[in-house]
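Each residue of the sequence shown is one higher than the last, beginning at -5 in our numbering. Working notes, structure below.
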Amino acid sequence: MLRRIVVGMAMLAGLVASQSSLADEGTVKVLYAGSLVNVMERAIGPAFEKQTGLRFEGYAAGSKKIANEIKAKLRRGDVFISASPKVNDALMGAAGGNQVTWYATFAKSPLLIGYNAKSRFAQDFRTKRWDEVLETPGIRIGRTDPKLDPKGMFTLELVSRAAALYGKPDLVAKTLGKPGNPEQVLPEETLVGRLQSGQLDAGFFYSTETSDLNIPAIQPASELKIQANYTVTVLADAPNAPGAAKFVDFLMSAQGRDLLKAHGVDLVTPEISGDTQAVPAALKTAFDSSR
């Protein structure tokens, strides 16, 4: 009797493992920077599914947060899209768990100050310099965590540069407070929704977010320009490496590039970093063809 139970449990475990393997083969898990949630979930994901028959499963969050989860083995995925090359560097080599061996930079997006058109501060943004408006008492500002998201780090850098450019040594303290100010810091994937719903008057966003969702935005002076540089890679322990390669190939295809451009993403000539020999041959062709 005991032997039958043991054999039965082993067969059940084998069936579950087999079903899980089949599920992995039919699903591509894409971990991506939260600033791309709209284009990924409404355009790239559905189009990829339609063309390939594979299922797109997206997870959006701050790039550094995702990298931390990958490194700690708290989250597995097939494809990783980051808003900063440096995040990939943290996952390379023994110190990074050898999770990333190569990555390709394929797009960029400048950091802007977006505001709610119905906010009582909207007219001020149209007539005054952005730093002066952000210093106004009562204004509700949203930004991301500099410890978890490149955009949060870029925000601190932008305001610090503005403080030097405009001769305002207390600008960071007056507008942002401490780096982790809980009254401002929000998850990247919720920031746009908070602004659109009126919970925020203004926030720091990439141009892909503001142009894609028609959010009025202020572009800082050219001396202050800071931008995201989007990268893509197939993770070393991807459960569905063939599917991951198909997703990256689609992302770099003419259709994928057109969808990215339509959603305000500025494409650049793909540049591969890391071990170029580790890039699948099919993807080398895809990167070359998108140049």
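Ideal Cβ positions, reconstructed from N, Cα and C, are used throughout, including at glycine. Just so it is clear, the structure is predicted and the values come from calculations on it, not from any experiment.
For Gln117, the uninterrupted alpha helix (DSSP H) segment begins and ends at Ala116 to Thr121. Per DSSP, the continuous alpha helix (DSSP H) segment holding Val127 begins and ends at Trp124 to Leu128. About 6 Å separates the beta carbons of Gly136 and Arg188, which is inside the 8 Å limit, making them a contact pair. Here Asp282 is exposed: its Cβ has fewer than 16 other Cβ atoms, across all protein chains shown, within 10 Å. Distance from the CA atom of Ala238 to the CA atom of Ser113, rounded to whole angstroms, is 42 Å. With contacts defined as CB atoms closer than 8 Å, Thr227 and Thr99 fail to qualify as a contacting pair. Shown here, Ser57 sits in a helix according to DSSP, grouped into three states.
With a 10 Å radius around the Cβ and a threshold of 16 neighbouring Cβ atoms, Glu182 comes out buried. With at least 16 other beta carbons inside 10 angstroms of its own, Ala156 counts as buried.
In the structure shown, Asp83 adopts helical secondary structure according to DSSP, grouped into three states. Closest by C-alpha distance to Asp125, out of Phe198, Thr21 and Glu177, is Phe198. An exposed status is given to Asp231, since fewer than 16 other beta-carbon atoms sit within 10 Å of its beta-carbon. Of Asp252, Lys44 and Asn82, the smallest CA-CA separation from Leu229 is found for Asn82.
Cβ neighbours of Asn234 within its own chain (closer than 7 Å, five residues either side excluded): Asp18, Glu19, Thr21, Val22 and Asp72. Ranked by Cα distance from Phe244, the options Asp206, Ile209, Lys44 and Thr121 are led by Lys44.
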